[in-house]
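Single-structure report; data block below.
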Amino acid sequence: MDIGGVIGAIVLHTPDCLAGQEIEIWPEGGTTPTTHAVVRPRLVRNHLSFAAVFPAVRAGDYTLRSARDPEATPRSLAVKGGEVTEADWYPAR
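Heads up: the sequence shown runs through residues 32 to 124, numbered per our numbering.
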């Protein structure tokens, strides 16, 4: 992670069915995404989990959206500088 000052990070935990899917991050009120991350399997303390990681995000309010499924419910969150924001994403079914 590259955090500090006004830069934070996001770890978005997802179900395994989202492996390989791109998640876009949009600034609140923005008209285009600033970047995207791919959901990947991650081994944490001998446990396999799935997450999209955004390692350097400017502090502010954001909306996370599925690049593959624009109908999926977006996830809103706030990022604070110098902190890692963790959130869960469960796609609408």
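Beta carbons: idealized from backbone N, C-alpha and C, even for Gly.
Integer-rounded CB distance, given that residue j should sit under 8 Å from residue i
i, j, result
"Val-84", "Ala-68", "6 Å"
"Glu-102", "His-44", "With a Cβ gap of about 21 Å, Glu-102 and His-44 do not count as contacting."
Exposed unless 16 or more other CB atoms sit within 10 angstroms - verdict on residue i
i, result
"Tyr-93", "buried"
"Ser-97", "buried"
Beta-carbon contacts of residue i that lie in its chain and below 7 Å, excluding the five residues immediately before and after
i, result
"Arg-124", "Interpretation of Arg-124 is limited by its pLDDT of 45, a score under 50 that renders its predicted location unreliable; no figure is taken from the coordinates."
"Leu-79", "Pro-72"
"Val-110", "Gly-39, Ile-41, Val-88, Ala-90, Gly-91, Tyr-93, Thr-116"
"Arg-99", "Gln-52, Glu-53"
Same chain only: Cβ atoms within 8 Å of residue i, ignoring 5 sequence neighbours per side
i, result
"Ala-50", "Val-70, Arg-71, Pro-72, Phe-81"
Proximity below 7 Å, CB of residue i to CB of residue j
i, j, result
"Pro-64", "Glu-55", "yes"
Contact set for residue i: own chain, Cβ-Cβ below 6 Å, skip 5 residues either direction
i, result
"Leu-95", "Ile-54, Ile-56, Arg-106"
"Trp-120", "Leu-43, Thr-45, Arg-106"
"Ile-34", "Ala-40, Gly-113"
"Pro-86", "Met-32, Asp-33, Ala-40"
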